[in-house]
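Residue numbers (this note's numbering), protein chains in the order written: chain A, 22 to 222; chain B, 22 to 222. Ideal placement from N, C-alpha and C gives every residue a C-beta, glycine not left out. Remarks on the structure that follows.
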DNA sequence: TCAATTAACATACGAAGCGTATGTTTTTAT
DNA sequence: ATAAAAACATACGCTTCGTATGTTAATTGA
């Protein structure tokens, strides 16, 4: 089909705006990103913005949603690649979260600006994408009787929180390579706290 | 002395501005807080602001510093109150962090707005106030040979990160009472991962 | 098929806020 | 006592956001 339908055009402009926003938000931060510049870079005007996303925050929410989806997919991929036990999958997820959060785009938009302008991340619908994966893995381990009798969701929240914070620490360090390995070690150490018995490693 | 020196006057206006900023930032958030309104509420104008703090961000930094100092002091107080072993002190600190982070003022200003407008908290000088306390406690436990051979700072970073994230979760929940106890349980569980042997509890 | 309506934007407008540049007054220094 | 500087207040310009109002093209209904 050479002709694009109206709905397709709409989706295309939405995609262009989101793409331009990802770049602008990542480069300048949400607060310093001008909507005039952003929309112009996408070959549009602010009119398209307010028609499609309501306001500036709406665009940020859409961007966060998109990034979060990509994060969850990539983390799952990493976790499933190596196979292994559910426990090893949990550790792989944690490592993946840390490494994903090292990307400037994720860090600036999702970890720094997101909470300030979209509010408490614990209330985001998207945050649950990454989180539910961890919950699922924890529940599997739990059904096998491998962990202590604690609240699954609470544990998942703390683990992901620790991972994201670790990423911020690594990003701020002057020697990310070695600091990253330290962070991953510490993460696996803390995670082992949920086990009934010490792992083999 | 009935007369106040010039330096005292200066400190007084700084204190008034910081106090007004704490209230305004906590109520409306940093982005939506008007400097005109804020300074007027302190009985001053924006002139005083830019003379004392450089810009809006400078005022936020001062506010964050003050709150962080109070947090560290209160957490230490809580940890030392019950006495007990270093291990119990570590758990008490974690619990204190979670409970402190539940206060709307701390949450809005330090956890949500701070990172967005002051940048990565891992680079803040003030963040180290709370963190170094945890590091100190961990080192004490380490010297007694009680923990696994992992990086102390990394562990402290992850533990505080987990605590702060837990607080955001509790704050967003509809039943903070029970969720808080779950979060504290999970925290202690994860923290026990650093121990060589399972604690007595 | 052809008006009429609506969707998808663009343009124009008004208001608010930040930072700076420029006063103004009161100490401090010499 | 006069000059200098500190501690603010006032005034100004610039940017930006959200909305209100066009404008064009597609869709609907008879």
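Where the segment 196-209 of chain A meets chain B: residues whose CB sits under 7 Å from a CB there
203, 204, 206, 207, 208
Whether residue 141 (chain A) touches residue 139 (chain B) by CB criterion (8 Å)
Counting from 1 along the first chain, the entry for residue 141 (chain A) is found at position 120. Counting from 1 along the second chain, the entry for residue 139 (chain B) is found at position 118. Their beta carbons are not under 8 Å apart, which means residue 141 (chain A) does not touch residue 139 (chain B) by this criterion.
Residue 186 (chain B) beta carbon near the ligand NAD (any heavy atom closer than 7 Å)
This structure simply doesn't include the ligand NAD, nor any ligand for that matter.
Three-state secondary structure assigned by DSSP to residue 222 (chain A):
For the purposes of this step, residue 222 (chain A) is taken as the residue at position 201 of the first chain. Bear in mind that the predicted position of residue 222 (chain A) carries a pLDDT of just 45, short of 50, making it too unreliable to give a figure here.
Residue 100 (chain A) and residue 122 (chain A) look like a contact to me (Cβ under 8 Å); what is the Cβ gap, rounded to whole Å?
Within the first chain, the letter at position 79 stands for residue 100 (chain A). Within the first chain, the letter at position 101 stands for residue 122 (chain A). No, residue 100 (chain A) and residue 122 (chain A) are not in contact; Cβ-Cβ is about 15 Å, not under 8 Å.
Taking Cβ positions, are residue 215 (chain B) and residue 211 (chain A) nearer each other than 8 Å?
By one-based count along the second chain, residue 215 (chain B) stands at place 194. By one-based count along the first chain, residue 211 (chain A) stands at place 190. Yes, Cβ-Cβ distance for residue 215 (chain B) and residue 211 (chain A) is below 8 Å.
Determine the burial state of residue 92 (chain B): buried for a count of at least 16 other Cβ atoms within 10 Å of its Cβ, exposed for fewer.
Locating residue 92 (chain B) in the second chain gives position 71, where the first residue counts as 1. The residue is buried, with at least 16 neighbouring Cβ atoms inside 10 Å.
Rounded separation between residue 146 (chain B) and residue 29 (chain A) - CA only
As a working note, residue 146 (chain B) is residue 125 in the second chain. As a working note, residue 29 (chain A) is residue 8 in the first chain. Approximately 50 Å between the Cα atoms of the pair.
Near-chain A residues of the segment 129-149 of chain B - C-beta to any C-beta below 8 Å
Under the 8 Å Cβ criterion, the segment 129-149 of chain B contributes 132, 133, 134, 136, 137, 138, 140, 141, 142, 143, 144.
Using 8 Å as the threshold, is the C-beta distance between residue 182 (chain A) and residue 187 (chain B) below it?
On the first chain, position 161 is the one that residue 182 (chain A) refers to. On the second chain, position 166 is the one that residue 187 (chain B) refers to. The answer is yes: Cβ separation under 8 Å.
Please state whether DSSP places residue 216 (chain A) in a helix, a strand or coil.
Counting from one through the first chain, the residue named residue 216 (chain A) turns up at place 195. Residue 216 (chain A) falls in the strand class under three-state DSSP.
Using a cut-off of 9 Å between C-beta atoms, extract the partners of residue 162 (chain B) located in chain A.
As a working mapping, residue 162 (chain B) is identified with position 141 in the second chain. Ordered by position in chain A, no residue passes the 9 Å Cβ test against residue 162 (chain B), which lies about 13 Å from the chain.
How would you call residue 94 (chain B), buried or exposed, if buried means at least 16 neighbouring beta carbons within 10 angstroms?
Along the second chain, read from residue 1 onward, the residue named residue 94 (chain B) stands at position 73. Answer is exposed; the Cβ neighbour count stays below 16.
Ranges of the beta strand (DSSP E) found wholly within the segment 84-113 of chain A, counting only runs of at least 3:
none
So residue 176 (chain A) contacts chain B; which residues on that side make the cut at Cβ distance below 8 Å?
The sequence position of residue 176 (chain A) within the first chain is 155, counting from 1. Within chain B, the residues near residue 176 (chain A) are 207, 210, 211.
Of all the CB atoms in chain A, is at least one closer than 8 Å to the CB of residue 103 (chain B)?
Here residue 103 (chain B) refers to the residue found at position 82 of the second chain. With 8 Å as the cut-off, residue 103 (chain B) does not count as an interface residue toward chain A.
Going by DSSP, what residue range makes up the alpha helix (DSSP H) through residue 150 (chain A)?
Taking the first chain and counting its residues from 1, one reaches residue 150 (chain A) at position 129. Where residue 150 (chain A) is concerned, the enclosing alpha helix (DSSP H) starts and stops at 148-164.
Three-way DSSP call (helix, strand, coil) for residue 130 (chain B) in this model
Within the second chain, the letter at position 109 stands for residue 130 (chain B). Looking at residue 130 (chain B) - three-state DSSP - the assignment turns out to be helix.
Using a beta-carbon distance below 8 Å, is residue 73 (chain A) in contact with chain B?
Counting from 1 along the first chain, the entry for residue 73 (chain A) is found at position 52. Interface annotation, residue 73 (chain A): not in contact with chain B, CB-CB separation never under 8 Å.
Leaving out the 5 sequence neighbours to the left and right, which residues in its chain are closer than 8 Å to residue 154 (chain A) when beta-carbon positions are compared?
As a first step, residue 154 (chain A) is located in the first chain; it is residue number 133 there, counting from the start. Contacts found: 93, 96, 97, 100, 114.
Within 8 Å, do at least three Cβ pairs link the segment 77-92 of chain B to the segment 168-182 of chain B?
With a cut-off of 8 Å, the segment 77-92 of chain B and the segment 168-182 of chain B do not count as touching, because too few Cβ pairs lie within range.
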